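Protein chains in written order, with the UniProt record's numbering: chain A, 1 to 303; chain C, 1 to 228.
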């Protein structure tokens with residue numbers, strides 16, 4: 001019934017979906033996982049990243065010689081990172097900072113911010129979806145025997161791994177990352193040792209937001225983008241972080257690939273709708289068994 | 001350091017009342033008192049974890065009553081809290097590096113390993129995996145790496161095995177003798193207090209009830225306040 005090819009392609013699709021989930025959940029693993037801020041506007045930061053790619057594409061179409069067109073995508077990634085991080089920083093300073101002690105209020109407030117961002121996108125770009133032309137080096141795919149692996153999927157897989165390793169490198173090998181870890185483990189003591197926890201909070205939130213921007217950039221490879229693109233991904237992102245274990249980056253990795261592969265397998269043996277139902281059943285059952293997720297970790301208490 | 005009319009506590013209940021204290025350069029002030037009389041609250045207020053309801057704190061003739069803990073640390077205040085407060089998932093070495101945040105220097109002074117050689121051996125272990133005594137040594141070392149000009153020590157020898165207690169006491173005496181660092185030391189052992197302190201304060205019910213230069217301290221009087 002299941003040929004080797006089908007198993008391999010299902011596995012590839014699962015890993016590919018996992019890498020997409022990982023990319024959209026990485027930022028959230030930082031803002032929700034480490035900082036315990038329920039940022040409902042995270043999806044809209046993904047949207048910002050996607051529209052930035054669209055804008056840069058249009059700039060290239062209008063102002064750059066056609067032979068350089070492909071470069072737009074390479075440039076979009078860092079620009080999306082920086083702009084989304086900037087918006088995140090603004091959000092932290094103006095709003096979230098004042099709501100650290102009130103998680104439910106921050107949930108509502110960030111949801112409102114999300115709606116504002118959506119409407120802003122609608123006003124600027126219009127309600128209909130817009131398309132981004134993938135750069136030529138990402139169209140087509142790798143043919144292995146009878147298998148066809150799209151370059152865009154392989155690129156997202158690569159990008160998610162690069163993002164993951166840069167986050168690990170940043171957290172575990174740099175002074176700034178060390179400060180973040182110290183603050184998340186014991187913010188009062190870190191403050192007493194001269195670490196400015198205000199700056200660290202701002203920076204951490206900006207980094208989490210920035211990676212949402214990168215995810216948005218990558219999502220333009222998969223389909224059209226619209227003002228509500230974020231809403232369709234935010235649930236998945238929270239799911240990955242909760243299953244993986246709040247406060248654990250490594251948990252987000254296992255959560256993303258676990259959900260990605262299971263989802264694809266379920267969809268393959270049943271159908272898309274039932275597959276989605278099954279994955280939710282599995283997650284609910286799993287959280288009954290391990291309420292704090294795959295990787296348990298003490299996160300900072302909200303203070 | 002000059003503290004005037006300090007009142008602080010949690011929520012509505014004030015734990016310390018009308019505390020006045022003067023600490024000169026290189027002076028060691030010891031604070032004694034029974035459990036729950038406000039010694040830890042006093043130190044937390046000085047480092048800025050708690051904000052006083054009344055009174056003022058001046059440090060190097062600057063009013064720091066409203067300053068954040070991090071800026072107090074940047075000004076040269078070091079804090080060794082009760083319960084050590086090590087970062088459990090940071091290695092010993094990383095814990096020390098966080099201690100450097102308050103100072104200007106980039107590298108950890110090797111002298112710290114002369115004080116506590118165990119910290120060099122365990123550099124790569126997680127802080128949370130150390131024993132209580134080792135964590136206490138790490139907490140003291142972490143406060144010392146930034147070369148503080150003012151050190152707050154909250155019962156540094158409480159609940160620690162005797163050989164390490166001796167080591168810690170030697171370090172405190174050495175800091176007093178070899179640097180200009182001032183200290184406020186909360187301590188229960190009167191003999192050790194007499195060997196290191198310049199001044200002794202006894203606190204009861206949140207107020208200073210006894211204050212004397214150490215050479216005028218009468219054991220009987222102190223014990224009267226400490227007995228349960």
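By construction, the Cβ of each residue, glycine as well, lies at the ideal position given by its N, Cα and C atoms.
Bear in mind that the values here come from a model prediction, so they are computed numbers and not experimental data.
Rounded to the nearest whole angstrom, the C-alpha separation of residue 157/C and residue 169/C is 8 Å. The alpha-carbon separation between residue 57/C and residue 259/A amounts to approximately 55 Å. Within the DSSP bridge table, the entry for residue 74/A names no partner. Distance check between residue 210/A and each of 235/A, 121/A, 84/A places 84/A closest, using alpha-carbon atoms only. In the three-state reduction of the DSSP assignment, residue 84/C falls in the coil class, being assigned neither a helical nor a strand state.
Burial is judged here by how many other beta carbons sit within 10 angstroms of a residue's own beta carbon; residue 215/C has fewer than 16 and is exposed. Inside the segment 19-52 of chain C, DSSP marks whole beta strand (DSSP E) runs of 3 or more residues at positions 28-32, from first to last along the chain. With contacts defined as CB atoms closer than 8 Å, residue 34/C and residue 185/C fail to qualify as a contacting pair. Identification of chain C residues near residue 182/A by a Cβ-Cβ cut-off of 7 Å yields 87, 90, 98, ordered along the chain. The beta carbon of residue 216/C does not come within 8 Å of any beta carbon belonging to chain A, so the residue lies off that interface. Under the criterion of beta carbons closer than 8 Å, residue 62/C and residue 180/C do not qualify as touching, at roughly 18 Å. DSSP places residue 66/A in the helix class (H, G or I) of the three-state scheme. Neighbours of residue 92/A in chain C, taken as residues at a C-beta separation under 8 Å, are lacking, since the least C-beta distance is about 17 Å. Per DSSP, the continuous beta strand (DSSP E) segment holding residue 211/C begins and ends at 207-213. Boundaries for residue 137/A: no alpha helix (DSSP H) harbours it, and the DSSP string shows neither H nor E there.
Classified as buried, residue 84/C has 16 or more neighbouring CB atoms from the shown chains inside 10 Å of its CB.
Taking residue 203/C as reference, the option from 102/C, 41/C, 127/C with the minimal CA-CA separation is 41/C. Beyond the five residues adjoining it in sequence on each side, residue 131/A comes within less than 6 Å, by CB distance, of 224 in the same chain, given in chain order.
Taking each of 58/A, 120/A, 266/A in turn and checking the Cα distance to residue 48/A, the smallest one comes out for 120/A. Taking a C-beta distance under 8 Å as the contact criterion, residue 191/A and residue 224/C do not qualify as a contact pair. Residue pairing from DSSP places residue 8/C in a beta bridge opposite 16/C. A Cβ-Cβ distance of about 16 Å is found for the pair residue 25/A and residue 162/A, leaving them out of contact under the 8 Å criterion.
If you check each beta-carbon in the segment 187-215 of chain C against every beta-carbon of chain A, none falls closer than 8 Å. Straight through space, the alpha carbons of residue 75/A and residue 123/A are spaced by roughly 25 Å. In the DSSP annotation of this structure, residue 182/C is not part of any alpha helix (DSSP H); the continuous beta strand (DSSP E) holding it starts and ends at 182-186. When secondary structure is reduced to three states using DSSP, residue 203/C falls in the strand class.
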